[in-house]
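In this note's numbering, the protein residues as written are 44 to 321. Quick notes on the structure that follows.
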């Protein structure tokens, strides 16, 4: 009788223990998402180098882009490097030299980014609040435009010019008036992202060099969020080994016809063709 009565009691105790453990596990599973901190940092974008070409080490790179199958580069002048120029033109990938198509007085203007839009070339200058407009066939200077603040990088979405000035903002400007149509604030998980520099549009995203770093940021054009990051510090290290005066990464160019991406830096000895998911 004792043994017969003890069996149900044991079972009841076992059931109570199991229910208690299950309830505790459920409470823990419900609490875990509340304790977990979500990581909103930009995804690291892996890349590989598939080719390398010469780059003129007197080219202080400020703009880098493709137009009608040609790789164009714009440069600024710095007193530290007397042979540098404020100019732009297509790059000969056999020797890395720019075929100068237009040049501004380097003693007055520090050349910055350029963009091609609707048969025109737009060129920014750094701190003089003035830009220049050229015909994209003859390279004849057609006029000027003005803007507040600095002029750094520039790209286009086919309708508007998109300009950086070293802040965390990108400015969409109407090309005929240069009026600001839209301001896009660039942010990541830490807040506003400063020093946005040279720009390139690839498949609806803006890729931007960040000054004083070797990062290229992938920016969502609808939200301004940095959703990815390419760390090109390994290329910068290689550039400095080949030419000690190489400075930070600057310049990303996308050839939409061949689907190729080229990157370089200020005074680098090489232009790299890289591959990554974009």
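We treat Cβ as the ideally placed atom computed from N, Cα and C, and that holds for glycine.
If one requires a minimum length of 3 residues, the beta strand (DSSP E) runs lying completely within the region 76-155 are 91-97, 104-110, 113-118, 130-133, in chain order. Proximity to residue 107 across 93, 130, 238 peaks at 130, based on C-alpha coordinates. Contact between residue 154 and residue 168 holds: CB atoms are separated by about 6 Å, below the 8 Å threshold. Looking at the DSSP output, residue 296 shares a beta bridge with 305. In this structure, the straight-line span from the alpha carbon of residue 151 to that of residue 276 is close to 33 Å. When rounded, the separation of the alpha-carbon atoms in residue 93 and residue 314 is 11 Å. Measuring C-alpha to C-alpha distances from residue 166 to each of 239, 316, 196, 235 identifies 196 as the nearest. Residue 116 and residue 83 have their C-alpha atoms roughly 34 Å apart.
In the three-state DSSP reduction, residue 243 falls in the strand class (E or B). Residue range 313-318 is occupied by the beta strand (DSSP E) that includes residue 316. Relative to the Cα of residue 279, the nearest Cα in the group 310, 251, 304 belongs to 310.
When DSSP states are grouped into helix, strand and coil, residue 289 belongs to the coil group. Here residue 146 has 128, 129, 130 as same chain residues with Cβ atoms under 7 Å from its own Cβ, once five neighbours each way along the sequence are excluded. Excluding sequence positions up to five before and after residue 188, its CB lies within less than 7 Å of the CB of 174, 176, 221, all in the same chain and listed in chain order.
Taking C-beta separations shorter than 7 Å and ignoring five residues to either side along the sequence, the partners of residue 159 in its chain run 110, 179, following chain order. Only residues of its own chain outside the window of five on either side were considered, and among them 226, 228 have a CB closer than 6 Å to the CB of residue 212, listed in chain order. As summarised for the region 153-189, the continuous beta strand (DSSP E) elements at least 3 residues long and confined to that stretch are 154-160, 163-168, 173-178, 184-189, given in chain order. Shown here, residue 261 sits in a strand according to DSSP, grouped into three states. Counted as a single uninterrupted DSSP element, the beta strand (DSSP E) harbouring residue 274 occupies residues 269-274.
Annotation for residue 225: the continuous beta strand (DSSP E) segment containing it runs 223-228. As computed with DSSP, residue 207 is found in a beta bridge with 213. Following the DSSP letters along the chain, one finds residue 252 inside the beta strand (DSSP E) bounded by residues 248-253. Annotation: residue 170 to residue 190 spans about 10 Å, alpha carbon to alpha carbon. Taken through DSSP and simplified to helix, strand or coil, residue 280 comes out as helix. Assigned with DSSP and collapsed to three states, residue 235 falls in strand. Annotation for residue 220: no beta strand (DSSP E) segment contains it, and DSSP assigns it neither H nor E.
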